[in-house]
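Below is one structure; the comments refer to it alone.
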Amino acid sequence: MDAPAVGDLAGKGADALLDGIAHYPESAARAEVKLWLAGYADGAVSAAAELLAAARGTDEGGPLRRLHCQQALALAGPEAEPAVRAVLGDRELGGLARVWLAERGAADVPAPPEDMIFWLAIDTIAAHLDADGELDELQGLIEGLSAQHSGFFDEVWRVDHPATADVLEAMGRLHSDKKAAKDARKAAFKARSRAGR
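Here this note's numbering is used: the first residue of the sequence shown is 385, the next is one more, and so on.
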């Protein structure tokens, strides 16, 4: 198998970029995205719109594509703001858009609805599970997200995301707090029952 080389994805579509950088080391992925953005003739708004469109999807690869989209948008610059704002109401991309805007100190960023917060939490953890990152980092993410909202496990199992039950099972395995881990496992059971699996 050939190792990916920086520049291999230049001139290809955003879908190829988001899927392709999964096989790159972090620094090479950043360099590849920078090359892709620099070669995008229609400008940052069009590039961001194409990245966001490619990030959509409820398939297994969707969460990781959205994570890569968020990482790519971080390099796109403030010119991408109109395309990012255009997806604020999108169920799959609205949370990602709010994070991007907040990180840049943008004005008039609407608060996300609670269901979007939980959906983004599930999507983010699913992406990190797919990325096979550092276990300590993943555990910190899981514990941080579940601690941000009182009654997290009482609500999150209702999230209509294809990875909800799998993410909750992983949270039950990885959470260091025994009560929270048990709550996560119970929530995973409820999510599976709700989905009929």
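We put the CB at the ideal spot given by N, CA and C, even for glycine.
- The criterion of a C-beta distance shorter than 9 Å is not satisfied by Leu558 and Ala575.
- Here the region 481-499 makes no contact with the region 412-430; the two share fewer than three CB pairs at distances below 8 Å.
- Ranking Cys453, Ser534, Leu477 by CA distance to the CA of Ala564 puts Ser534 first.
- Beyond the five residues adjoining it in sequence on each side, Phe536 comes within less than 7 Å, by CB distance, of Ser530 in the same chain, given in chain order.
- The three-state reading of DSSP puts Ala428 in helix, counting H, G and I together.
- Here DSSP, grouped into helix, strand and coil, assigns Trp484 to helix.
- Unbroken alpha helix (DSSP H) runs of no fewer than 4 residues, entirely contained in the region 473-526, are found at 478-487, 498-514, following chain order.
- Burial is judged here by how many other beta carbons sit within 10 angstroms of a residue's own beta carbon; His512 has at least 16 and is buried.
- For Asp516, the closest of Leu448, Val429, Arg440 by C-alpha to C-alpha distance is Leu448.
- Secondary structure at Glu465: helix, using DSSP grouped into helix, strand and coil.
- For Leu457, the closest C-alpha among the options Gly441, Ala432, Arg475 is that of Ala432.
- Spatial neighbours of Ser560 in its own chain (CB-CB distance under 8 Å, excluding positions within 5 residues in sequence) are listed in chain order as Gln523, Glu527.
- The C-beta separation of Arg469 from Ala481 comes to about 7 Å, placing the pair in contact by the 8 Å criterion.
- The beta-carbon distance between Glu434 and Ala398, rounded to whole angstroms, is 4 Å. This is short enough to meet the 8 Å contact definition.
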